[in-house]
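Worksheet: the structure to be examined is printed underneath.
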Amino acid sequence: MNLVSNLKKKLQKNRQFSKRNKLTIRNFIFFLFLVTACTKKLPENNFNTKAWQNDPLACNNNRLELLPELEKVRPQLLGLRETEIQKLLGKPDATSLTDQSERIYFYYIEPGPQCTQKSYFSSANKLQVRMNSMGFVIEINYEQPVKK
């Protein structure tokens, strides 16, 4: 009789373990759904992506002319993924990693010493795109106020 009761207990434990596994799998699938469903798409706009990307380090001074169009879509860029920002603005001119695992992309918007010394991080004005540790844009600012 003792053997039968032990088998019943083991079966009950296995069923409970199986229920926990199913619950974990369901939660994981739900999490994936939320992450993919809640990501934003690039906004439709008149921003000239090619012109921005064809002016690396802002040495041709074209990026400054593109700022009014960028300003129109700037609020819509918050919450985008890192890959979407790179589709819009291209590879950053410089990057930085904070101690909270946040990443900051820098895009020069005016010519400066970086044009003659490619590896030099100059004090020329830059667009700063800050991303959290999950890769979502949380802030977009200029290093210095933009002259209009």
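Each residue of the sequence shown is one higher than the one before, starting from 967 at the first, in our numbering.
We put the beta carbon where it would ideally sit given N, CA and C, even for glycine.
Other residues of its chain near N1012: CB distance less than 7 Å, five sequence neighbours each side excluded = Correct list, in chain order: E1035.
Any heavy atom of the ligand ATP within a distance shorter than 6 Å of the CB on P1058?
-> In the structure on display, the ligand ATP does not appear, and there are no ligands present to speak of.
For P1111, which of M1100, F1102, N1091, P1079 has the nearest alpha-carbon?
-> N1091
Going by beta carbon distance, what residues of the same chain come within less than 7 Å of N1098, once the five residues before and after it are set aside?
-> E1068, I1104
Where L1063 falls, given that 16 or more other Cβ within 10 Å makes a residue buried | exposed
Nearest to E1050 by alpha carbon, out of S971, Y1074, Q978, G1101?
-> G1101
Measure the Cβ-Cβ separation of A1017 and N1027 and say whether it is below 7 Å.
-> For the pair A1017 and N1027, the CB atoms are not nearer than the 7 Å cut-off.
From the DSSP output, in three-state form, read off T1049 for me.
-> T1049: helix per DSSP, three-state reduction.
Is the CB-CB distance between A1024 and P1077 below 7 Å?
-> Yes, they are a contact pair.
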